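Residue numbers (the working numbering): 33 to 176.
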Amino acid sequence: MLTLQQLLDLTPTAVRRRTANPRIRRIKDKEENKSGKKYRAVYTRTAFYNAVSTGNSYTLIIRNFGTKRFPNDYKFRPSSLLWVHCSCPYFLYNVEVALTLKSSSSIYDSNGALPRIKNPTLRPYLCKHLFATVANQLKADGAG
Ligand SMILES: [Zn+2]
């Protein structure tokens, strides 16, 4: 599983440039667990109000599994281990499979086929919605 900082760093500049004026609406922020493993889950609806965006809002899920040293530390920190999902088509076609191969997402919306054209090097990174939301959460937790 990749860390928050790795995911931010791997995100191409072309994607980051599209993250101006995000509107992030928090839906849920709570502890959950799956197969006995606890984590903090943040659900948001995220959209952008800028010239290069349609303004469509998408549903995001970010699961924070704590850090390697402190698995119960659910503040968003650069070393937090993250699992992410976004309902946007970009996420589906470019990064769902690449992130799943690093255990930082799961196959939900795609057919699981490798993105041979959109992301042939299988670079695991964030769509613009996830990038803005994760960066915002890092700032909110004061651990940036
Ligand atoms: Zn997205």
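Even for Gly, the Cβ is constructed at its ideal location relative to N, Cα and C. Note that this is a predicted model, so its numbers are computed, not measured.
Next item on the list: State yes or no: is the C-beta of Ser116 within less than 9 angstroms of the C-beta of Leu39?
Entry: Before going further, note that residue 116 is Val rather than Ser in the sequence given. Yes, the Cβ-Cβ distance between Val116 and Leu39 is below 9 angstroms.
Notebook entry, point to check: What number of angstroms, rounded off, separates the C-alpha of Phe80 from the C-alpha of Val74?
Noted result: 19 angstroms
Notebook entry, point to check: What distance in whole Å lies between the Cβ atoms of Thr91 and Ile56, which are believed to be in contact at a cut-off of 8 angstroms?
Noted result: Their Cβ separation, rounded to whole angstroms, is 12 angstroms, which puts Ile56 and Thr91 out of contact at 8 angstroms.
Checklist line | Contact set for Asp105: own chain, Cβ-Cβ below 7 angstroms, skip 5 residues either direction | finding: Gly98, Thr99
Margin query: My output table needs one value for Val127: the three-state DSSP class, helix, strand or coil.
Written below: helix
Note to self: Which of the three DSSP states is assigned to Asn168 in this structure?
What the structure shows: helix
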